[in-house]
Amino acid sequence: MNQSTRFHPAVAQVPYRSKKDQSMLSNPCRYFVSGIRFVNRIELEGADVVELKQAPRGADSLQWRVDASFDNYVRNQTGDGTVTVSAGASRDHDGYYYFPRIDTSSGSENLHFGGAVEFRAYMGVLSLRIADPSFHISQDMVRMYIMDDAAPAGTRLELATATLEPGQVGPAVLDLRLTERGSELFFGKYPAGTTLAPATVLLPGPAISMASTEGAH
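When we follow our numbering, the leftmost residue of the sequence shown carries the number 4, and every step to the right adds one.
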């Protein structure tokens, strides 16, 4: 079977049980900021390593793997990594995270979801929390926002964007790409424009019988 290796900057990995890996345990802050190594994601020729599921858990929930390689890295290659879901979010055995739809009265231009997933490693030096994701939908663009834990309560930051077919409604798979602000959450190791895992959502519109379309202006 032919394979091709393509550089993908959103994959973080360190040599397992290497001398650098062992030294990280005694000085995790220095190691993570200056020593983390980003390597290749191996993909089959002409095929995506991410297999999309057919339907999310709940008709209008957000289904998203965030980034499968990053998730695996935190869980299995950091030594002390944890991934915690809370506030209604869940994770299935295939690694998909589910965020329940909330605030269905927000109109057809906005989707709001509850729940949070938090990635932590290196005694908290690596800490990334994705909480209460939301999407603002324009004619041909979706902007994804999450809570900004480094700002005053209620502040949100633009994590990623995706393009849409004009007027698209119904089930959609969003090709999310990091913004500049989103890149900062990963210490700049994931450059702006990096593709995250596809997100599956149900886009509201006139053809969809949902509470979010009632009373839309």
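Glycine is no exception: its CB is placed at the ideal position from the N, C-alpha and C atoms.
In or out: residue i buried (at least 16 other Cβ within 10 Å) or exposed?
{"i": "T203", "result": "buried"}
{"i": "H96", "result": "exposed"}
{"i": "L205", "result": "buried"}
{"i": "A50", "result": "Reliability of the predicted coordinates at A50 is poor, the pLDDT of 33 falling under 50, and the value obtained from them is presented with this limitation in mind. Classification for A50: exposed."}
{"i": "S137", "result": "buried"}
{"i": "S64", "result": "buried"}
{"i": "G185", "result": "buried"}
{"i": "T158", "result": "exposed"}
So, under 8 angstroms CB-CB, residue i and residue j are touching, yes? Tell me the CB distance rounded to an integer number of Å.
{"i": "D143", "j": "L167", "result": "5 angstroms"}
{"i": "Y100", "j": "V69", "result": "6 angstroms"}
{"i": "S111", "j": "P207", "result": "4 angstroms"}
If you measure between the beta carbons of residue i and residue j, is that distance less than 9 angstroms?
{"i": "A200", "j": "L179", "result": "yes"}
{"i": "V128", "j": "V86", "result": "no"}
{"i": "F122", "j": "F73", "result": "yes"}
{"i": "G117", "j": "G91", "result": "yes"}
{"i": "L177", "j": "M150", "result": "no"}
{"i": "A165", "j": "E183", "result": "no"}
{"i": "G82", "j": "A124", "result": "yes"}
{"i": "A154", "j": "L160", "result": "yes"}
{"i": "R132", "j": "D106", "result": "no"}
Quick check on the DSSP output: the alpha helix (DSSP H) that includes residue i runs from which residue to which?
{"i": "V77", "result": "A71 to N79"}
{"i": "G173", "result": "Note, G173: premise wrong, no alpha helix (DSSP H); beta strand (DSSP E) at G173 to L177."}
Over the uninterrupted beta strand (DSSP E) stretch that includes residue i, give me the two end residues.
{"i": "S130", "result": "L129 to A134"}
{"i": "S137", "result": "S137 to I140"}
{"i": "Y193", "result": "Neither: Y193 is in no beta strand (DSSP E) and is coded neither H nor E."}
{"i": "R68", "result": "Run containing R68: none; DSSP gives neither H nor E here."}
{"i": "S89", "result": "T85 to S89"}
{"i": "A124", "result": "A119 to A124"}
According to DSSP, which residues form a beta bridge with residue i?
{"i": "T164", "result": "R146 and R180"}
{"i": "A153", "result": "DSSP lists no partner for A153."}
{"i": "A202", "result": "W67 and L177"}
{"i": "H115", "result": "I105 and S137"}
{"i": "A93", "result": "For clarity, residue 93 is Ser in the given sequence; the question names Ala instead. Bridge partners of S93: Y101."}
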